[in-house]
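Chains R and L are the protein sequences, given in the same order.
Using our numbering, the first residue of the first sequence is number 39, and each one after it goes up by one.
Using our numbering, the first residue of the second sequence is number 39, and each one after it goes up by one.
For every residue, glycine included, the Cβ atom is placed at its ideal position computed from N, Cα and C.
Data first, discussion second: the structure below is written as structure tokens.
2 protein chains.
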Amino acid sequence: MGYSGSGYILVSRGSRAVESRRLAHTRLQAHEEVPYDLLAWWDKLYISVQPSRRPVTLLDEARKGTTPEIEEVAKAEGVDAERLRRSVAKGRTVIPRNVAGRARPLGIGEGLRVKVNANVGSSKDRASLEDEVRKAKVAVEVGAHTVMDLSTGGDIDAIRRAIIEALDVPIGTVPIYQAGVQAARESTIVEMTPEDMLGGIEAHARDGVDFVTVHCGITRQSVERLQRQGRVTGVVSRGGSFLVAWILHNDQENPLYSQFDQLLDIAREHDITLSLGDGLRPGSLADATDRAQIQEMLILGELVERCWDAGVQVMVEGPGHIPIHEIEANVRMQKAVCKGAPFYVLGPIVTDLAPGYDHITGAIGGALAAWAGADYLCYVTPTEHIGLPGVEDVREGVVASLIAAHAADLTRGIDADRDLAMAEARKALDWDRMFDLSLDSRKAREMRAACNPEEEDACSMCGDLCALRMVEQALDRKGD
Amino acid sequence: MGYSGSGYILVSRGSRAVESRRLAHTRLQAHEEVPYDLLAWWDKLYISVQPSRRPVTLLDEARKGTTPEIEEVAKAEGVDAERLRRSVAKGRTVIPRNVAGRARPLGIGEGLRVKVNANVGSSKDRASLEDEVRKAKVAVEVGAHTVMDLSTGGDIDAIRRAIIEALDVPIGTVPIYQAGVQAARESTIVEMTPEDMLGGIEAHARDGVDFVTVHCGITRQSVERLQRQGRVTGVVSRGGSFLVAWILHNDQENPLYSQFDQLLDIAREHDITLSLGDGLRPGSLADATDRAQIQEMLILGELVERCWDAGVQVMVEGPGHIPIHEIEANVRMQKAVCKGAPFYVLGPIVTDLAPGYDHITGAIGGALAAWAGADYLCYVTPTEHIGLPGVEDVREGVVASLIAAHAADLTRGIDADRDLAMAEARKALDWDRMFDLSLDSRKAREMRAACNPEEEDACSMCGDLCALRMVEQALDRKGD
Numbered sequence: 039m040g041y042s043g044s045g046y047i048l049v050s051r052g053s054r055a056v057e058s059r060r061l062a063h064t065r066l067q068a069h070e071e072v073p074y075d076l077l078a079w080w081d082k083l084y085i086s087v088q089p090s091r092r093p094v095t096l097l098d099e100a101r102k103g104t105t106p107e108i109e110e111v112a113k114a115e116g117v118d119a120e121r122l123r124r125s126v127a128k129g130r131t132v133i134p135r136n137v138a139g140r141a142r143p144l145g146i147g148e149g150l151r152v153k154v155n156a157n158v159g160s161s162k163d164r165a166s167l168e169d170e171v172r173k174a175k176v177a178v179e180v181g182a183h184t185v186m187d188l189s190t191g192g193d194i195d196a197i198r199r200a201i202i203e204a205l206d207v208p209i210g211t212v213p214i215y216q217a218g219v220q221a222a223r224e225s226t227i228v229e230m231t232p233e234d235m236l237g238g239i240e241a242h243a244r245d246g247v248d249f250v251t252v253h254c255g256i257t258r259q260s261v262e263r264l265q266r267q268g269r270v271t272g273v274v275s276r277g278g279s280f281l282v283a284w285i286l287h288n289d290q291e292n293p294l295y296s297q298f299d300q301l302l303d304i305a306r307e308h309d310i311t312l313s314l315g316d317g318l319r320p321g322s323l324a325d326a327t328d329r330a331q332i333q334e335m336l337i338l339g340e341l342v343e344r345c346w347d348a349g350v351q352v353m354v355e356g357p358g359h360i361p362i363h364e365i366e367a368n369v370r371m372q373k374a375v376c377k378g379a380p381f382y383v384l385g386p387i388v389t390d391l392a393p394g395y396d397h398i399t400g401a402i403g404g405a406l407a408a409w410a411g412a413d414y415l416c417y418v419t420p421t422e423h424i425g426l427p428g429v430e431d432v433r434e435g436v437v438a439s440l441i442a443a444h445a446a447d448l449t450r451g452i453d454a455d456r457d458l459a460m461a462e463a464r465k466a467l468d469w470d471r472m473f474d475l476s477l478d479s480r481k482a483r484e485m486r487a488a489c490n491p492e493e494e495d496a497c498s499m500c501g502d503l504c505a506l507r508m509v510e511q512a513l514d515r516k517g518d
Numbered sequence: 039m040g041y042s043g044s045g046y047i048l049v050s051r052g053s054r055a056v057e058s059r060r061l062a063h064t065r066l067q068a069h070e071e072v073p074y075d076l077l078a079w080w081d082k083l084y085i086s087v088q089p090s091r092r093p094v095t096l097l098d099e100a101r102k103g104t105t106p107e108i109e110e111v112a113k114a115e116g117v118d119a120e121r122l123r124r125s126v127a128k129g130r131t132v133i134p135r136n137v138a139g140r141a142r143p144l145g146i147g148e149g150l151r152v153k154v155n156a157n158v159g160s161s162k163d164r165a166s167l168e169d170e171v172r173k174a175k176v177a178v179e180v181g182a183h184t185v186m187d188l189s190t191g192g193d194i195d196a197i198r199r200a201i202i203e204a205l206d207v208p209i210g211t212v213p214i215y216q217a218g219v220q221a222a223r224e225s226t227i228v229e230m231t232p233e234d235m236l237g238g239i240e241a242h243a244r245d246g247v248d249f250v251t252v253h254c255g256i257t258r259q260s261v262e263r264l265q266r267q268g269r270v271t272g273v274v275s276r277g278g279s280f281l282v283a284w285i286l287h288n289d290q291e292n293p294l295y296s297q298f299d300q301l302l303d304i305a306r307e308h309d310i311t312l313s314l315g316d317g318l319r320p321g322s323l324a325d326a327t328d329r330a331q332i333q334e335m336l337i338l339g340e341l342v343e344r345c346w347d348a349g350v351q352v353m354v355e356g357p358g359h360i361p362i363h364e365i366e367a368n369v370r371m372q373k374a375v376c377k378g379a380p381f382y383v384l385g386p387i388v389t390d391l392a393p394g395y396d397h398i399t400g401a402i403g404g405a406l407a408a409w410a411g412a413d414y415l416c417y418v419t420p421t422e423h424i425g426l427p428g429v430e431d432v433r434e435g436v437v438a439s440l441i442a443a444h445a446a447d448l449t450r451g452i453d454a455d456r457d458l459a460m461a462e463a464r465k466a467l468d469w470d471r472m473f474d475l476s477l478d479s480r481k482a483r484e485m486r487a488a489c490n491p492e493e494e495d496a497c498s499m500c501g502d503l504c505a506l507r508m509v510e511q512a513l514d515r516k517g518d
């Protein structure tokens, strides 16, 4: 060992590590023997050969002791590393990170900042690789913590790889989309084979994605409950709809459920985190918190325990469309049923009446959900329910979700110093500092330039009738 | 009596009403004698002479029996009229309506839909009457229930009158702004006289405004508590800052507090509703729910009872900047301390970090506040903390607040049928119906046109992978 620079190196079985390192699926302590030959890209620890024994996952490791990933997350979040390690070991926090090790470690779970995901992705009609990479980059620039590539059009593999290449945040995908699209290109979606589904997941994992949404809770049982339930808006999850249709057409169990052990093998192999999808999430307030939704969650709760038994990190996805007064119940129920696994919610949006403004309906629901304990918010853009978002919609969606996440963080005292700094800048009428502290500095600066106040140190809301200045002056005079 | 058409008529003392009518300040039952001579504009009941006895307010009337205003509000809200009458009589609901009777009756209070106010108004630098009237009209077109004119620049009287003339919703003002601006034009704000302040309120009432914000809770006591408190952002209410400065400069009690009985006389005379302003509301999360804020609320609670004793309708204004976890406490405390008087909140915004997006931070706080019991939301526009809003900002601000109000209404089962109708339209992929049901139809239509989907009955989010259609088809086939 002891190479400098970067390049492929052959690490021979029996050689000894000169320092503690995570190589391929194996953590090596200093002076420990390398247990098998492996070819590694020294700088990035990119592994091009499979190890010859069962891999060790980050969850396996966390159960034994701390890891560099845990240390890095603890530092970024300002929390105690040992406490975080225990949380990861218990599955209450995840650090989604493919064994390829591209992504900066990011923690999602109890006691940490609430995280925000931005979805991008092509469709059949809008299939530009450049556009989707640009959206993904903008999302991260504005502050998204992760990006999911939901592409269904054009060269799906190329788009995914380009996004992975372009970013250092955790990347997620929904592999069933691509499997479905490919099946549809050849025959029909419902003729996907189990191998198509599992193979698609493995292909994404090999490309380095850090987490995948898998709709394993769509089972014959939950579909039956769905049919008995009766719904206004049926199934609105795309992946969910593929699998409901597949089950009904083939009169067979969902392979992602019946072959869950194989899915776990893939997840272990690449150390990807499973995000158990809520394919039966409600598509309207009228369907919120119904028996089909809860049935699926019960199944997901069982699968969470199977993930943990297999040493695979897991989080659970949630709705969707929920009226304000049912949000806390949804979050607490998920936390109880799924034994504290991180909860990843889409929105939730709190009314169906606001197409064009669903980043706002989603921010209201997201703030409430995160306050109640949801750990991770999937953004909603202004074009939700209307069409695919453009770059500006992505920006608006990310900021709206960051507002929700931060507002919830404040309830736990996290990052209150940022608001205090803004308050002090406002008091001082220090506009540059205000902009620097803003969640979206660019927009705030542009708006102020457009408002063009006459008095440089005030703003055009009050102009020379600035309340802050008036009272300050009155108190100053009083103090003279 | 018994005139037809319209025009000025002299109604002589001793003549008898042929039907029940509200004339000037007096309700006449059919066949009852007119108690004094008065000159009335028959159609609009515009009164150009003062009656010769103490007026009867809507609150006085509600304590005795129902009124046309109560009947109209009950019908619009779909609530029981007698129950509403009792609520108005107890002061738990207000129907702000100048005796001139221009505004369509609107109820604000318990059990009714949450209402939204839009602020407009000129400043020294932007003083176009046409612009402000246009903003006010757009606000109402989009769905604002009331408009407040906060003008401080140009011909303030003309702008106010033009807005009153242009709209049939209740109009509010903050008369101290104009009094302060006029004092500043002649000398300084702190040299306003008590007559300037009370005279300004009377002038606005004579012009027909339906409610006025009066900062009567800024007293020597609350200013003292403010000074002991120490704050990061001091006083951010403009009217509040005028009065804090006035008290400190003149070393005298706030005339709006010490001469509150005169204020009540004006309010009775014109039957305007008092909106007790929260001049010491926090201007940052760091100052939220502090002793100065609560001290002012205690004083406002006392003044609420004095309003009721005088037969004057009253509501109470509230913050401002509050972290999510303190919103419910703020609302419930106000409701308890102010004996159920309607609560009118500004936002509240839930983080200081989002200039450019404060319609969203305000929608989160507004939804929570309204869920907890706030009755009336003052909108916040995207330009809050940056500058005066333009027309598009007004539109965005109104819609964001309507979302918050409606989301809270849904928690009480109010208007859930609207969301159900939208869900059914979505299921049917009936785009025209979706747009018709949208809070902002225009924006939704524009966005969809921009997204330009290939398949007319789907949307560009999923295109031919539409989940709704896929499951519907699978279930249909299954049912064959």
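Using a beta-carbon distance below 8 Å, is residue i in contact with chain R?
i        : result
L:His444 : yes
L:Val252 : no
L:Asp347 : no
L:Ser275 : yes
L:Leu286 : yes
L:Gly181 : no
On the DSSP bridge list, what partners appear for residue i?
i        : result
R:Lys153 : R:Tyr414
R:Asp187 : R:Val158 and R:Thr211
R:Gly356 : R:Val383
L:Gly147 : L:Thr131
R:Val273 : According to DSSP, which records beta bridges pairwise, R:Val273 is partnered with nothing at all.
R:Leu312 : R:Val250 and R:Val352
With a cut-off of 8 Å, does the C-beta of residue i fall near any C-beta of chain L?
i        : result
R:Met235 : no
R:Ile256 : no
R:Lys465 : yes
R:Met508 : yes
R:Pro89  : Only weak support is given to the placement of R:Pro89: the predicted model assigns it a pLDDT of 44, under 50, and the value that follows is read from those uncertain coordinates. No, because no Cβ of chain L sits closer than 8 Å to the Cβ of R:Pro89.
R:Thr327 : no
R:Leu167 : no
Residues of chain L with CB closer than 7 Å to the CB of residue i, please, in chain order.
i        : result
R:Phe381 : Under the 7 Å cutoff, chain L gives no residues; its nearest Cβ is about 18 Å from R:Phe381.
Which one of the options has the shortest CA to CA distance from residue i?
i        : options                                   : result
R:Ser439 : R:Thr311, R:Asp396 and R:Thr271           : R:Asp396
L:Val519 : L:Ser161, L:Lys175, L:Arg121 and L:Glu168 : No answer is possible for residue 519 of chain L: it lies beyond the span of chain L, which begins at 39 and ends at 518.
L:Val158 : L:Asp502, L:Thr419, L:Asp478 and L:Gly451 : L:Thr419
R:Val273 : R:Pro357, R:Ala348, R:Ala196 and R:Glu233 : R:Pro357
R:Thr211 : R:Gln259, R:Pro134 and R:Pro232           : R:Pro134
R:Pro213 : R:Gln351, R:Ile202, R:Glu240 and R:Ala196 : R:Glu240
R:Lys162 : R:Thr257, R:Gly192 and R:Val154           : R:Gly192
L:Ala374 : L:Arg464, L:Leu338, L:Glu484 and L:Pro93  : L:Leu338
L:Ala512 : R:Thr104, R:Val261 and R:His363           : R:Val261
L:Glu168 : L:Ala204, L:Glu355 and L:Leu150           : L:Ala204
R:Ile365 : R:Val509, R:Gly400, R:Met230 and R:His308 : R:Gly400
L:Gln267 : L:Ile332, L:Glu233 and L:Gly277           : L:Ile332
L:Ile285 : L:Arg263, L:Ala100, L:Arg464 and L:Ile256 : L:Ile256
Sorted by chain position, which residues of the same chain lie with C-beta nearer than 6 Å to residue i's C-beta, five sequence neighbours on each side aside?
i        : result
R:Ala412 : Val369, Phe381 and Val383
R:Ala182 : Val154, Ala156 and Val436
Report the neighbours of residue i on chain R: residues whose CB is nearer than 7 Å to its CB, in chain order.
i        : result
L:Cys376 : Those do not exist, as L:Cys376 stays about 24 Å from chain R at its closest Cβ, beyond 7 Å.
So residue i contacts chain L; which residues on that side make the cut at Cβ distance below 8 Å?
i        : result
R:Tyr395 : Val437, Ala438, Ile441, Leu477, Asp478 and Lys481
Would you mind telling me which residues of chain R sit closer than 9 Å to residue i, beta carbon to beta carbon, in chain order?
i        : result
L:Glu462 : Val270, Thr271, Ser322 and Ala324
Mind listing the chain L neighbours of residue i? Cutoff is C-beta to C-beta under 9 Å, in chain order.
i        : result
R:Pro523 : Beyond the ends of chain R as shown, which are 39 and 518, falls residue 523 of chain R; an answer cannot be given.
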